[in-house]
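Asker: Those protein sequences? They're chains A and B, same order as listed. With this note's numbering applied, the first sequence corresponds to residues 1 to 508, in that order. With this note's numbering applied, the second sequence corresponds to residues 1001 to 1504, in that order. All C-beta atoms in this analysis are idealised placements derived from N, C-alpha and C, irrespective of residue type, glycine included. Following this message is one structure expressed as structure tokens.
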Amino acid sequence: MQLGVLTWMVFFPVLGMAAILLLPSRAHGPIRWTAAAATVLPLALSAWLLAHFDPHAAGFQFVQRNTWIPAYRIEYFVGVDGVSITMVVLTALLSFLCIFASFGIEKGVKGYFALFLLLETGMMGTFVALDLFLFYVFWELMLLPMYFLIGIWGGPRREYAAIKFFLYTLLGSVLLLVALLYLYFTPSPHSFDMTQLGALVRDKIPLEVQVVLWIALFVGFAIKIPAFPFHTWLPDAHVEAPTAISVILAGVLLKMGTYGILRINYGILPTATLAPLWGGHSVAFWLLAALGTLNIVYGAVCAMAQSDLKKLVAYSSISHMGYVMLGMAAFTPQGINGAVLQMFNHGTITAMLFLLVGVVYDRAHHRDIDGFGGLASIVPLYTGVTGFAFFAAMGLPGLSAFISEVLVLLGAWQVYPALTVVAASAVVLTAGYMLWTLQRMYLGQPNPKYAGLAEINGRELFTLAPLAAIVLVLGIYPTLILNLQSPALVRLADQVRAAAPPPQVAAR
Amino acid sequence: MGNAESLAYFLPELALIGALLAVLVVDLALTARKRPAGEWPGTVALLGAAAALVWTIGLPGLGVRGLLGQAGGTWLFGRMLVLDGFSVFFKLLLGLALLAVVWMSLGSREVRGRPNEGEYFLLLLASGLAMFLMAAAGNLLMAYLSLEFVSLTSYVLTGFLPHDRRAGEAALKYLIYGGVASGAMIYGMSWLFGLTGTMDYVGIARAVAALDPASRGALFVALVLVLVGFGYKVAAVPFHMWAPDVYTGAPIPVTAFLAVGSKAAGFAMLLRFFHFGVTAAGPQAVLAAVPFLPLVAVASCATMTLGNLAALSQQNMKRLLAYSSIAHAGYALLAFAVFADAGVEAVLFYLAVYYLMNLGAFWVVMLMANATGREDVEAYRGLAWRAGGAFPAVALAVFLFSLAGLPPLAGFVGKFYVFAAGIQERLYWLVVAGLLNSVVALYYYARVVKAMFLDEPAAGDPPLSFGLGELSPVGVLSASTLLLGIRFGWLLDRVAVAGRLFAG
């Protein structure tokens, strides 16, 4: 069996995990560096992948396909295309950086890094899996390490947050499982092949059933995004999780929801996606667009009300994920490109924000926004980096989020002008809570209590600098990513349109 | 096949009978000399169980290679027992369960050192023998006798701890419930005999297919009454009431044997009776006229839901696992309610997986009970962080998450095939109910995991120390649970053959 590059990326962290389990539990140094080494290879390979990826090739690349369970036609089938390649790179990058952000962990070091590497395998696998069974296994594989990482190494209410995250996500996944099984049994011979399944089931499932499946899948994914009203696990989980895990949660796990909708809801059930159930409009798109806008506004309003910095960042995540949904719902080339770009940009920016929250929490042991003040004169470098990240999150022109949010709004304007106006106005709210926070924490009279606060150190800067560089480069030259993803997205959109129901229904 | 010829294919059972007699003799000899039993009875029992297993695997032409490789089979003892892939599969599973439970008992503080230790192993072997017969029974008489045989030995094993009020109460409850259920079952069997005029499964199948439509109501009554007996054996709602008390009161190895062995034997009998005894001539023709399968589906839903909801608040580990095993019987019943080959295969697969994870969980519970004398969840607080506790904690977490059905553990694959069978046969509501149940179930499994990993140990907890001999079976079971979750194709192939009942 030839092991492809993707297989190495997925399973190398597990090898690292095995190595860590063999190390004595007191050997903190070797454990940390082994973990770092285990994430270097996937990162290096992801760079190689970027260099060799051909954006114009139709279909999946770096494919590896082996039979796994022949009796049920379950395969080990992995590959990347323009939709997933940025996510794979993001996963490799954030996992690598988060290992360094976790060097401060002192409790149960061996278990922490072992679980972290298992988590990386789960995330990487989810993005490259092209067999639905494999996808589901990786999707669920993330739950266990995540439960322990939040539950053991988290904050004061960690147990509550961990079990809430666990149950919510499992509830979503069982809905997913029903839909997957139904899809599997529809064609004959049965198939879990994500690349073929759409064509195989299109004419075999009545539209009403397709809509039910679409909704089951959508709820499963919406819990992960998290879309309003399934978002309540997120603030708890993010606030209680240790810094690096918050980064992974917000940076990678949330993207799985939108990725799943693109890949499975759009890719396999295009007819239901476009089904004109209500006055000739696609209800699916309306639902996505409305929930997306709601996410944007609701997340921003909630963020404004927070006094805990980490909770503020968590709600800002909800708000920013709304843009992804809005862009996907618009389904114009700009909209969908903006959405997928926003997935990547949000991953880098929110990672910076959570890392920065971790920096101040490690020193002050609290995150109360009003408990600081005038930090700019005490820790200028830290303030500078924070300012950069805040402005990036606000969508300042020249930084990456600006491009993706504008693309989303441009795309959405052509389809949902009213919603777009609402979404665009929410930018003011975003600027409001970000600037207000900057003002309260970093400007004004320095709080004498924190006069001796240590400046951001080399290790922390090392975790932030690559992200900042990416944010800046993509802000100026977004074509780097757009070129990678655009052909695949346009193709996906064409495929979905091609599956549109006959026009006489639409004209009714 | 006649009686004399059949003996050659009866070697596994003969090995158990031989070991049983040997234990009796050894025990008598030692007691007569007023010596403590020591290692003798247990060792003999272990050898007997191992011999039965070896002969099941190696029976010339009819062992694993003979029967699990291709469909087919033969009748033994003049159409009393069936030897086919199905019975070989269950004999393997039950032999493994017996072997593991004897091994477990050898290290159990509750069992070892009692004056009547010899009796205990004797009863265990007898119970194992009866389960072997249950798996192979192809005649109403044989079925009833073997089921009663298992029940009688189980009653005594449950009450094995003398002067323990819990055990006494449990044994009495078990006996009374068992009496009622077996009475209902034999009543149902007598109806069936009256309707068909035969006790042979194949004869019943033929007669049922040719049954006068006017008698369908009577057939329904007979089937439901028989189902009561089986439902009692597998602890399905509403005949589950004995399970929590019995599981709590019995010594832990006995609990494990009841949960794994007795349940598997019950399902073996259930599947053979309904697929081969009643509906061999075509399930639709016979069952379409009576609301039997909807009844099973409702029982399955009730079993899962009640088991899981009741488990939520349990504080005793044995009781928690008892309710969880009720819930698992519900999942297996779901696959039975599907009433198709896919469902039979799913049940077999599920029981094999269930053997690994449930036995493993009970094993860890026993080790903890040995070490601390406690069975409550509180005793597991911070287990992972206590000296010597990390390995059992990780192993128990593997078993519990597998029971919860999370990939990449074997329990997920088991559930997956059960639900897949349900979807394939369009039992959507039941599958959705089952999936929602697995979310509920996760909560109480995670509660134990939380106690072990997320809570800090109490300050005064002494360090634990387990020997390699105690931990290695747990290690093997948890490694198998993980491996079977990743590589399960081979078991699916075996199950596909074993699921095709011999109908000659």
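Taking 8 Å as the cut-off, does the segment 174-181 of chain A touch the segment 51-62 of chain A (at least 3 CB pairs, one atom from each stretch)?
Answerer: These segments do not touch.
Asker: Verify whether the separation of the beta carbon atoms of A/Thr463 and A/Leu119 is less than 8 Å.
Answerer: Here residue 463 of chain A corresponds to residue number 463 of the first sequence, with the count starting at 1. Here residue 119 of chain A corresponds to residue number 119 of the first sequence, with the count starting at 1. Taking 8 Å as the Cβ cut-off, A/Thr463 and A/Leu119 do not qualify as a contacting pair.
Asker: Got a sec: which bits of the segment 140-167 of chain A sit with their beta carbon under 8 Å from any beta carbon on chain B, in order along the chain?
Answerer: From the segment 140-167 of chain A, only Glu140, Leu141, Leu143, Leu144, Tyr147, Phe148, Gly151, Ile152, Arg158, Glu159, Ala162, Ile163, Phe166, Leu167 have a Cβ closer than 8 Å to chain B.
Asker: In this structure, does DSSP put B/His1275 in helix, strand or coil?
Answerer: Residue mapping note: residue 1275 of chain B aligns to position 275 of the second sequence, counting from 1. Three-state DSSP puts B/His1275 in a helix.
Asker: Taking Cβ positions, are A/Leu132 and A/Tyr168 nearer each other than 8 Å?
Answerer: As a first step, residue 132 of chain A must be located in the first sequence, where it is residue number 132. As a first step, residue 168 of chain A must be located in the first sequence, where it is residue number 168. For A/Leu132 and A/Tyr168, no; Cβs fall outside 8 Å.
Asker: Tell me the DSSP bridge mates of B/Asn1139?
Answerer: The sequence position of residue 1139 of chain B within the second sequence is 139, counting from 1. In the DSSP output, where bridge partners are listed per residue, B/Asn1139 has B/Asp1200.
Asker: According to DSSP, simplified to helix, strand and coil, what is A/Asn66?
Answerer: Translated into positions along the first sequence, residue 66 of chain A becomes position 66. If DSSP states are grouped into helix, strand and coil, A/Asn66 belongs with the strands.
Asker: Can you round the beta-carbon distance between A/Gly122 and A/Met194 to whole angstroms, since I take them to be within the 8 Å contact cut?
Answerer: Position 122 of the first sequence, counted from the start, is the residue given in the question as residue 122 of chain A. Position 194 of the first sequence, counted from the start, is the residue given in the question as residue 194 of chain A. So it is not a contact: roughly 17 Å between Cβ atoms.
Asker: To the nearest angstrom, report how far apart A/Ser317 and A/Gly299 are at their CA atoms.
Answerer: Numbered from 1 along the first sequence, position 317 holds the residue referred to as residue 317 of chain A. Numbered from 1 along the first sequence, position 299 holds the residue referred to as residue 299 of chain A. Rounded to whole angstroms, A/Ser317 to A/Gly299 spans 7 Å at the Cα level.
Asker: State yes or no: is the C-beta of A/Leu217 within less than 8 Å of the C-beta of A/Asn265?
Answerer: Mapped onto the first sequence, residue 217 of chain A falls at position 217. Mapped onto the first sequence, residue 265 of chain A falls at position 265. Yes. Within cutoff.
Asker: Quick one: is A/His366 buried, meaning 16 or more other Cβ sit within 10 Å of its Cβ, or exposed?
Answerer: Position 366 of the first sequence holds residue 366 of chain A. With fewer than 16 other Cβ atoms within 10 Å, it is exposed.
Asker: Leaving out five residues on either side along the sequence, give the residues of the same chain with a beta carbon under 6 Å from the beta carbon of A/Ser84.
Answerer: Along the first sequence, read from residue 1 onward, the residue named residue 84 of chain A stands at position 84. Same-chain partners within the cutoff: Phe127.
Asker: Short check: CB of B/Gly1343 to CB of B/Phe1336, under 8 Å?
Answerer: Taking the first residue of the second sequence as position 1, residue 1343 of chain B is located at position 343. Taking the first residue of the second sequence as position 1, residue 1336 of chain B is located at position 336. Yes, Cβ-Cβ distance for B/Gly1343 and B/Phe1336 is below 8 Å.
Asker: Would A/Ala114 and A/Leu21 be called neighbours here (beta carbons separated by less than 8 Å)?
Answerer: Residue 114 of chain A sits at position 114 when you count from the first residue of the first sequence. Residue 21 of chain A sits at position 21 when you count from the first residue of the first sequence. It is a contact, given that the beta carbons lie within the stated cut-off.
Asker: Below 8 Å between beta carbons: does that hold for A/Met352 and A/Ala431?
Answerer: Position 352 of the first sequence, counted from the start, is the residue given in the question as residue 352 of chain A. Position 431 of the first sequence, counted from the start, is the residue given in the question as residue 431 of chain A. It is not a contact, given that the beta carbons lie outside the stated cut-off.
Asker: Whole angstroms are fine: how far does the CA of A/Leu419 sit from the CA of A/Ala290?
Answerer: As a first step, residue 290 of chain A is located in the first sequence; it is residue number 290 there, counting from the start. As a first step, residue 419 of chain A is located in the first sequence; it is residue number 419 there, counting from the start. Near 7 Å, if we compare the C-alpha coordinates of A/Leu419 and A/Ala290.
Asker: Verify the CB distance criterion: does A/Val174 have a CB-CB separation below 8 Å to chain B?
Answerer: For the purposes of this step, residue 174 of chain A is taken as the residue at position 174 of the first sequence. Closer than 8 Å: yes.
Asker: With DSSP collapsed to three states, give me the class of B/Thr1074.
Answerer: Here residue 1074 of chain B corresponds to residue number 74 of the second sequence, with the count starting at 1. Note: B/Thr1074 maps to strand in three-state DSSP.
Asker: Is the shortest distance between the beta-carbon of B/Ala1393 and the beta-carbons of chain A less than 8 Å?
Answerer: Here residue 1393 of chain B refers to the residue found at position 393 when the second sequence is read from its first residue. Taking Cβ atoms only, chain A never reaches closer than 8 Å to B/Ala1393, which makes this a no.
Asker: What residues in its chain sit with their C-beta under 7 Å from that of B/Leu1293, if we drop five residues either side in the sequence?
Answerer: Start at 1 with the first residue of the second sequence, and residue 1293 of chain B comes out as number 293. So the list reads Leu1287, Ala1337, Phe1339, once near-sequence residues are dropped.
Asker: In angstroms with no decimal places, state the Cα-to-Cα distance between B/Arg1426 and B/Gln1314.
Answerer: Position 426 of the second sequence holds residue 1426 of chain B. Position 314 of the second sequence holds residue 1314 of chain B. Rounded to the nearest angstrom, the two C-alpha atoms are 34 Å apart.
Asker: Measuring only the C-alpha atoms, how far is A/Gln485 from A/Phe221?
Answerer: Start at 1 with the first residue of the first sequence, and residue 485 of chain A comes out as number 485. Start at 1 with the first residue of the first sequence, and residue 221 of chain A comes out as number 221. When rounded, the distance between both Cα atoms is 21 Å.
Asker: Below 8 Å on the Cβ atoms is my guess for B/Leu1351 versus B/Ala1264; work out the distance and round it to an integer in Å.
Answerer: Along the second sequence, read from residue 1 onward, the residue named residue 1351 of chain B stands at position 351. Along the second sequence, read from residue 1 onward, the residue named residue 1264 of chain B stands at position 264. Sure, about 5 Å apart at Cβ, within 8 Å.
Asker: Using only alpha-carbon positions, find the residue among A/Ala71, A/Ala38, A/Trp48, A/Gly79 that is nearest to A/Leu15.
Answerer: As a first step, residue 15 of chain A must be located in the first sequence, where it is residue number 15. Residue A/Ala38 is the option with its Cα nearest to A/Leu15.
Asker: Taking contact to mean at least 3 C-beta pairs separated by less than 8 Å, is the segment 1386-1394 of chain B in contact with the segment 1460-1467 of chain B?
Answerer: Counting Cβ pairs under 8 Å, three or more are found: they touch.
Asker: Measuring only the C-alpha atoms, how far is A/Glu208 from B/Glu1110?
Answerer: On the first sequence, residue 208 of chain A is found 208 positions in, with the first residue counted as 1. On the second sequence, residue 1110 of chain B is found 110 positions in, with the first residue counted as 1. Straight-line Cα distance between these residues: approximately 59 Å.
Asker: Applying the criterion that 16 or more other CB atoms from any shown protein chain within 10 Å of the CB defines a buried residue, is A/Val239 buried or exposed?
Answerer: Taking the first residue of the first sequence as position 1, residue 239 of chain A is located at position 239. It is buried - the Cβ of A/Val239 has at least 16 other Cβ atoms within 10 Å.
Asker: Give the residues of chain A in contact with B/Pro1407, contact being defined as C-beta atoms less than 8 Å apart.
Answerer: Reading the second sequence from its first residue, position 407 is the one you call residue 1407 of chain B. Ordered by position in chain A, the residues that pass the 8 Å Cβ test against B/Pro1407 are Tyr136, Val137, Glu140, Leu141.
Asker: Once you ignore the five residues that flank B/Ser1300 on each side, which residues in its own chain have a CB closer than 7 Å to its CB?
Answerer: Walking along the second sequence from the start, residue 1300 of chain B turns up at place 300. Only Gly1330, Leu1333, Leu1334, Ala1337, Leu1430 meet the Cβ criterion.
Asker: Just grab the DSSP bridge partners of B/Asp1245 for me.
Answerer: In the second sequence, counting from the first residue as 1, residue 1245 of chain B sits at position 245. None; B/Asp1245 has no bridge partner.
Asker: State the Cα-Cα distance for the pair B/Leu1098 and A/Tyr182, rounded to the nearest angstrom.
Answerer: Your numbering for residue 1098 of chain B matches position 98 in the second sequence. Your numbering for residue 182 of chain A matches position 182 in the first sequence. Taking the straight line joining both Cα atoms gives about 39 Å.
Asker: Please classify B/Pro1251: is it buried, with 16 or more other beta-carbons within 10 angstroms of its beta-carbon, or exposed?
Answerer: As a working note, residue 1251 of chain B is residue 251 in the second sequence. Buried is the call here.
Asker: Output, in chain order, the set of chain A residues within a Cβ distance shorter than 7 Å of B/Ala1420.
Answerer: As a working note, residue 1420 of chain B is residue 420 in the second sequence. Residues of chain A passing the Cβ test: Leu181.
Asker: What did DSSP end up calling A/Pro242 once you bin it into helix, strand or coil?
Answerer: Mapped onto the first sequence, residue 242 of chain A falls at position 242. Coil, per DSSP.
Asker: Roughly how many whole angstroms lie between the Cα atoms of A/Ala506 and A/Pro417?
Answerer: Here residue 506 of chain A corresponds to residue number 506 of the first sequence, with the count starting at 1. Here residue 417 of chain A corresponds to residue number 417 of the first sequence, with the count starting at 1. With a pLDDT of 43 at A/Ala506, under the threshold of 50, the modelled position of this residue cannot be trusted; read the value that follows with caution. Cα to Cα, A/Ala506 sits roughly 21 Å from A/Pro417.
Asker: Smallest Cα separation from A/Gly335: which of A/Trp153, A/Gly260, A/Val408?
Answerer: Residue numbering aside, residue 335 of chain A sits at position 335 when the first sequence is read from its first letter. If we check each option's Cα against that of A/Gly335, A/Val408 comes out closest.
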